[in-house]
Structure formats: C-alpha cells, structure tokens
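Residue numbering for the sequence shown follows full-length UniProt numbering, beginning at 1 and increasing consecutively. A virtual CB, placed ideally from N, CA and C, is assigned to each residue, including glycine. These numbers come from a predicted model, not from an experiment.
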Amino acid sequence: MSVESFLTYIQHEKRYSPHTVLAYRTDLVHFTDYILDTYELAPEEARHVHIRDYIVRLMDEQIGANSIGRKLSSLRSFYKFLHRRKIITGSPMAMIKAPKVPVRLPVFVDDEKLDYLLDSGEFFDDTFPSIRDKLVIEVLFGTGMRLAELLGLKVTDIDFYEETIRVLGKRKKERIIPVTKQLVVQLKTYIELKSLQNFNNKSEDLFVTNKGTAVYPLFIYKIVNSYLTYISTQDKKSPHVLRHSYATSLLNRGADLNAIKELLGHASLAATQVYTHNSIERLKTIYKQAHPKA
C-alpha cells in the first residue's frame with residue numbers, strides 16, 4: 001500500500017510524467033517482490049543490509065551500473081517519502097552508495113554530415129511524408145528538444161512572428177526556444193501542406209502520421225534512425241542523438257554553458273557540463289592535427 005501511496009503522490013502532487021511514474025513503479029515492484037520473496041518483509045520494513053543484498057543480487061544478474069543507480073534513486077525517493085509521512089523513523093538508504101558509473105560521452109553527429117543530409121537534396125522529395133520526416137529532423141537538431149516534447153507539440157505552440165517554439169518539458173516546465181528563419185519557413189510550408197491532406201481528423205498536433213493521427217515514440221524513432229543511417233555508422237541513431245548534436249554544436253561555436261542549459265531545459269548545470277567533454281576532445285583532435293609539436 002505504501003508503494004501505491006508514493007506513486008499517487010509523485011503523479012498527482014509532484015506531477016511527474018506518465019513515463020517517469022511507470023519507471024518508478026517498475027523499480028519499486030521489482031524491489032518489493034525481492035524483499036518479500038527473500039525475507040518475507042514489506043518494503044517499509046527493509047534495512048540497509050537488505051538493500052545491500054539487493055544490490056549484490058542485481059550485480060549477479062549482470063544489471064548495469066546505470067540501471068542499478070536508477071533503481072537505487074527510486075528507492076531513495078520512496079524511503080524519503082515514507083520518512084516524511086512518519087511511516088518509518090529513518091531511511092535505510094542513508095548508508096547506501098550506488099556503484100560507480102563509467103563516464104560516457106554523449107553521442108552526436110557532426111554538423112557537416114547533418115548539413116549534407118538536410119541540404120543536399122538527395123534524401124527528401126516534395127511528398128507530405130518526406131517533408132514531414134525532414135522537418136522532424138530539422139526540429140530535433142534545430143531546437144535540441146526531447147522526444148516527448150516533440151510528441152507534445154501543437155501548431156499553436158509556434159510563434160511565427162517571434163520565431164520561437166513553446167515547449168512543455170519535464171515536470172510540466174515550459175520554456176521558449178528560438179528557431180531560425182529557415183526553420184520558420186519550413187514549418188509554415190509543412191503546416192499548409194498538412195491542412196491540404198484528406199485527413200478525417202484535422203488534428204492540432206504538429207506532427208502526424210500518413211493517416212493524420214498523432215505521431216508516437218516508435219514512429220519518430222524510425223524516422224530518425226532510417227535517415228541517420230545514410231550519414232552515420234555509429235550504433236546510436238536516436239532522436240536523443242540529435243539533441244546531443246544540437247548542444248555540442250552550440251558549445252563548439254562558443255555558446256555560453258548557462259544559455260545551453262536553458263535551451264535544453266536542464267534542471268542543473270551539472271547535466272549540461274557533460275558536453276564540455278566532447279568539446280575538449282574535439283580541441284585535442286584539432287591540436288594533434290594542426291600543432292607542429294603534437
């Protein structure tokens with residue numbers, strides 16, 4: 001019951017997204033099953049030794065450090081909630097440290113390759129699906145927005161006069177992203193073409209399928225993956241790669257880190273600083289290629 005109370009709390013009071021609530025539910029149900037089957041305890045009865053045994057079990061099952069860290073983060077929030085509600089006197093997570101996660105640099109695609117994809121005229125035609133597919137990539141690379149934010153875009157979120165797009169980010173936090181004049185023209189062209197399609201449903205969703213229904217995560221993922229295959233051999237070819245490409249491109253061109261943080265909708269600067277590693281690696285490459293003593 002305490003788990004359901006916590007999930008209700010983060011859904012209705014904290015207003016977490018359905019995706020985030022589902023992730024918490026998955027983690028907590030997995031732990032609840034473990035603690036019940038192994039020790040015949042309810043989750044609120046667990047102690048730090050039980051949590052440590054749980055970590056060992058996860059590691060034995062070859063669960064990665066990132067996934068273990070996420071599960072422990074879910075438990076930490078859950079026990080903090082129980083402590084605030086005076087259901088427990090202290091959190092069993094107080095003495096728990098997550099396994100070290102190896103630093104992974106964000107995967108991105110070079111500007112030159114994306115420019116070739118979008119501007120060469122080789123990959124897109126004048127049909128509605130092709131114009132939509134191109135615009136999906138243009139918007140993701142031109143704004144750095146998340147996949148969930150793209151899915152939520154409405155036609156009314158575009159301010160053609162101010163040349164901005166209003167985005168509803170994590171925890172319902174709204175931000176305004178500036179766009180180029182070229183992208184504004186492409187958006188106008190697409191919206192006009194969309195209105196001429198014989199769709200039964202005249203949806204206000206910005207991006208729609210070939211049948212006029214709202215796009216969904218796998219639909220967008222397939223678009224991005226299929227076109228990035230033409231220009232990139234790297235394994236990751238997801239919408240998030242275009243978000244990384246946007247941030248890396250801004251940083252390489254001298255954009256202020258705080259400005260990039262605001263554009264990406266990050267809650268803290270720490271999340272944005274990971275892009276500086278890519279920038280440093282790029283500088284090292286340039287140095288090795290250009291300096292006579294390198």
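Put simply, of L168, R25, L135 and Y161 the residue whose alpha carbon is nearest the alpha carbon of L183 is L135. By the C-beta density criterion, H244 is buried, having at least 16 other C-beta atoms within 10 angstroms. Inter-residue distance for R15 and K288 is about 49 Å (C-alpha atoms, whole angstroms).
Residue pairing by DSSP places P178 opposite T164 in a beta bridge.
Between the alpha carbons of H50 and P178 lies a gap of roughly 50 Å.
Taking the CA atoms as reference points, S232 sits about 7 Å from V109. When the alpha-carbon of N198 is set against those of N210, D205 and I68, the nearest one is in N210. Ranked by how close their Cα comes to the Cα of A98, the residues L58, K86 and D133 have L58 in first place. The criterion of a C-beta distance shorter than 8 Å is not satisfied by R132 and G265. 8 Å or more divides the Cβ of H30 from the Cβ of P92. Boundaries of the alpha helix (DSSP H) around D53: H48 to D60. Under the three-state reduction of DSSP, D159 is assigned to strand. T32 is a Cβ neighbour of P43, given a cutoff of 8 Å. Going by beta carbons, I137 and L242 fall inside the 8 Å limit. Note that the segment 155-173 does not touch the segment 245-261; fewer than 3 beta-carbon pairs, one per stretch, sit closer than 8 Å. Here K170 carries a helix assignment [DSSP, helix/strand/coil].
With fewer than 16 other Cβ atoms from the protein chains shown falling within 10 Å of its own Cβ, Q234 counts as exposed. In the DSSP assignment, H244 falls within the unbroken alpha helix (DSSP H) covering P239 to N252. In the DSSP assignment, V224 falls within the alpha helix (DSSP H) that extends over P217 to L228.
Bridge partners of A214 according to DSSP: V208. Sequence-distant Cβ neighbours of Q186 in its own chain, meaning closer than 7 Å and more than five residues away, are L135 and E138. Around the beta carbon of V3, 16 or more other beta carbons sit within 10 angstroms, so the residue counts as buried.
DSSP, reduced to helix, strand and coil, places K154 within a strand of the structure shown. About 7 Å separates the Cβ atoms of Q273 and L257, confirming a contact at the 8 Å cut-off.
Rounded to whole angstroms, the separation of the alpha carbons of L269 and T189 is 36 Å. When the five nearest sequence neighbours on each side are left out, the beta carbons in the same chain lying within less than 8 Å of the beta carbon of G142 are those of V179, T180, L183 and Y246, in order along the chain.
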